[in-house]
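These protein sequence lines map, in sequence, to chains C and E.
If you use the numbering used here, the first sequence corresponds to residues 10 to 256, in order.
If you use the numbering used here, the second sequence corresponds to residues 10 to 256, in order.
Worksheet for the structure shown next.
Protein chains: 2
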Amino acid sequence: MAARILAGALAGAGATVVLNDAYPDAIPSLGLSRPKDIKLTYFDIAGVADKVRIAMHIGGMAFEDDRVSFAQWPSIKPTTPNGQLPLMESGGKRYTQSSAMLQLVGKLTGLQSRDPWAALLVDEVIGLDEDFRKKVAPSVYVAYDKSLSARQKKAKVAPMRKTIAEEDIPFYFSRFEKKLEENEYLTGPKVTIADVQFLTTVRWMSSGILDGIPATCLDPFPKIKAFKEKMEAIPEVAAYLESTKKK
Amino acid sequence: MAARILAGALAGAGATVVLNDAYPDAIPSLGLSRPKDIKLTYFDIAGVADKVRIAMHIGGMAFEDDRVSFAQWPSIKPTTPNGQLPLMESGGKRYTQSSAMLQLVGKLTGLQSRDPWAALLVDEVIGLDEDFRKKVAPSVYVAYDKSLSARQKKAKVAPMRKTIAEEDIPFYFSRFEKKLEENEYLTGPKVTIADVQFLTTVRWMSSGILDGIPATCLDPFPKIKAFKEKMEAIPEVAAYLESTKKK
């Protein structure tokens with residue numbers, strides 16, 4: 010089953026986000042979609058695509074939110090450029106790499122600054138978030154190791170998660186916390202793609218999905234907790250998150 | 010010993026690189042430096058900083074190429090924002106994250122397009138290169154594991170390198186090879202930051218530095234070999250690489 014949610018329509022008069030100085034061909038205002046039709050294909054999970062989806066929602070870009078099931082994937086995989094999702098399609102062309110897509114959406118919507126030095130601050134935060142995700146990734150990939158039994162996987166993952174919970178989260182999140190003590194959002198007074206990406210990271214870490222990472226892991230970081238709530242309360246984000254809740 | 014190479018002066022009349030449509034505040038022409046003085050601090054190796062250094066050389070951006078020895082590092086580490094290098098300093102501010110720096114340099118020099126859709130193609134290639142580097146990274150980090158003896162490290166690294174040489178290089182490099190069959194450079198007829206980044210990857214892989222990765226690993230990829238030679242022959246790149254040769 011491929012769920013399709015036509016987005017963009019979610020953006021409306023309730024929008025409160027102040028966007029950055031937009032690129033020359035950015036969308037003229039919130040709620041108006043770009044002329045090019047965009048389709049984003051990914052699994053029916055947040056994963057690495059949710060940052061792109063959420064940025065499009067906040068920026069008021071209409072897109073087709075195409076979701077493939079894990080059962081469908083083996084038949085679709087050989088048709089994708091590098092055997093990977095997400096896949097973005099627009100104007101008859103296909104694009105890969107979620108980080109590249111996020112930059113595109115940022116530039117089209119104003120969630121990325123067109124000033125190279127302001128964008129550097131945004132990209133710096135994204136890089137820090139990527140560094141943190143690189144610490145988490147090996148523990149997630151264990152699940153795909155077919156040479157291990159379920160018990161062996163659990164035994165291998167446990168100490169890795171302990172390190173993430175006790176060392177990596179404190180190290181990285183204290184740096185994000187400090188940024189949020191200095192500014193309303195991670196790089197200043199406006200929402201950027203860096204905020205969107207970090208939102209998906211804190212939602213992941215505090216979801217309780219990852220064994221060994223407690224849903225309370227944000228408790229030592231009050232600014233990050235408040236940031237998460239504020240981002241989730243942006244009307245377009247709230248509407249999107251509501252729409253993805255499993256029935 | 011901190012080696013300092015004043016760059017930018019290397020760029021001269023011999024420049025053959027055609028730059029993309031530049032950003033509004035891009036440098037007016039090759040060989041002219043930006044008014045802001047830039048200092049880039051990193052170890053005296055290529056590592057993740059060489060893509061930034063090489064992009065600045067190609068783009069004709071003057072910068073101070075500050076290099077710290079591994080002996081100096083423990084005393085410098087606590088003074089850096091996240092205990093990491095590279096560190097870029099400009100206008101009294103400090104910036105981290107080499108990928109963010111590369112985007113900045115690209116935008117300032119025209120090695121990154123200001124058209125969001127053209128930049129997407131560049132960022133897509135950078136993302137593919139990052140995916141490949143993520144495959145290599147775990148085998149490099151083994152060297153820093155203090156719980157292992159030299160013999161244990163060697164035993165642990167060997168099968169990882171075998172996978173890189175026999176699976177990852179064929180998988181990823183065949184994709185880059187295909188791109189170079191379609192275009193002179195990875196995304197089209199002009200050099201971009203994607204070409205610069207991939208150049209540093211192929212130089213690393215074919216250097217013979219990595220145990221288990223033969224210096225002949227590019228032999229199955231004639232287009233990549235020719236690309237490497239062409240990039241290294243760009244006058245600014247050739248001058249820079251010559252300047253870094255150990256005396």
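Backbone N, C-alpha and C fix where the C-beta goes; we use that ideal spot for every residue, glycine too.
Residue from the options whose Cα sits closest to the Cα of residue i
| i | options | result |
| --- | --- | --- |
| residue 202/C | 50/C, 92/C, 67/C, 47/C | 67/C |
| residue 70/C | 46/C, 244/C, 184/C | 46/C |
| residue 229/C | 250/C, 240/C, 186/C | 186/C |
| residue 85/E | 152/E, 141/E, 172/E, 51/E | 51/E |
| residue 49/E | 121/E, 74/E, 224/E | 74/E |
| residue 131/C | 192/C, 57/C, 88/C | 192/C |
| residue 234/E | 157/E, 247/E, 212/E | 212/E |
| residue 246/C | 190/C, 204/C, 81/C, 184/C | 204/C |
| residue 188/C | 224/C, 238/C, 232/C | 232/C |
| residue 183/C | 157/C, 218/C, 141/C | 141/C |
| residue 194/E | 238/E, 217/E, 218/E | 238/E |
Proximity of residue i and residue j at Cβ, strictly below 8 Å
| i | j | result |
| --- | --- | --- |
| residue 64/E | residue 100/E | no |
| residue 148/C | residue 166/C | yes |
| residue 146/E | residue 222/E | no |
| residue 76/C | residue 90/C | no |
| residue 210/E | residue 59/E | no |
| residue 177/E | residue 155/E | no |
| residue 170/E | residue 220/E | yes |
| residue 122/C | residue 61/C | no |
| residue 226/C | residue 214/C | yes |
Residue i in three-state terms, based on DSSP
| i | result |
| --- | --- |
| residue 200/C | coil |
| residue 169/C | helix |
| residue 245/E | helix |
| residue 47/E | strand |
| residue 105/E | strand |
| residue 52/C | strand |
| residue 97/C | strand |
| residue 73/E | strand |
| residue 147/C | helix |
| residue 183/E | helix |
| residue 35/C | Confidence is the limiting factor: at residue 35/C the pLDDT is only 48, short of 50, which leaves the residue's position unreliable, though a coordinate-based value still follows. Note: residue 35/C maps to coil in three-state DSSP. |
| residue 30/E | With a pLDDT of only 45 at residue 30/E, under the threshold of 50, the placement of this residue in the model should not be trusted; the figure read from the coordinates follows. Residue 30/E falls in the coil class under three-state DSSP. |
| residue 40/C | For residue 40/C, the predicted structure reports a pLDDT of 36, less than 50, and the residue's modelled location is therefore unreliable. A value from the coordinates is still provided. Here residue 40/C sits in coil by DSSP. |
| residue 235/E | helix |
| residue 118/C | helix |
| residue 67/C | helix |
| residue 252/E | helix |
| residue 219/C | coil |
| residue 84/C | helix |
| residue 154/C | coil |
| residue 92/E | coil |
| residue 59/E | helix |
| residue 227/E | coil |
| residue 193/E | coil |
Buried versus exposed call for residue i [16 or more other C-beta atoms within 10 Å across all chains shown]
| i | result |
| --- | --- |
| residue 79/C | exposed |
| residue 128/C | buried |
| residue 119/E | buried |
| residue 181/E | buried |
| residue 136/E | buried |
| residue 150/E | exposed |
| residue 125/E | buried |
| residue 172/C | exposed |
| residue 254/E | exposed |
| residue 88/E | exposed |
| residue 206/C | buried |
| residue 243/E | buried |
| residue 249/C | buried |
| residue 153/C | exposed |
| residue 37/E | Note that residue 37/E has pLDDT 44, beneath the 50 cutoff, so the model's placement of it is unreliable and the number below is only indicative. Flag for residue 37/E reads exposed. |
Any non-hydrogen atom of the ligand COA within 7 Å of residue i CB
| i | result |
| --- | --- |
| residue 108/C | Looking for the ligand COA in the displayed structure turns up nothing, as the structure carries no ligands at all. |
Does the pairing of the segment 154–166 of chain C with the segment 191–208 of chain C give three or more beta-carbon distances under 8 Å?
-> no
Below 8 Å, can you find three or more Cβ-Cβ pairs linking the segment 109–127 of chain E to the segment 91–98 of chain C?
-> no
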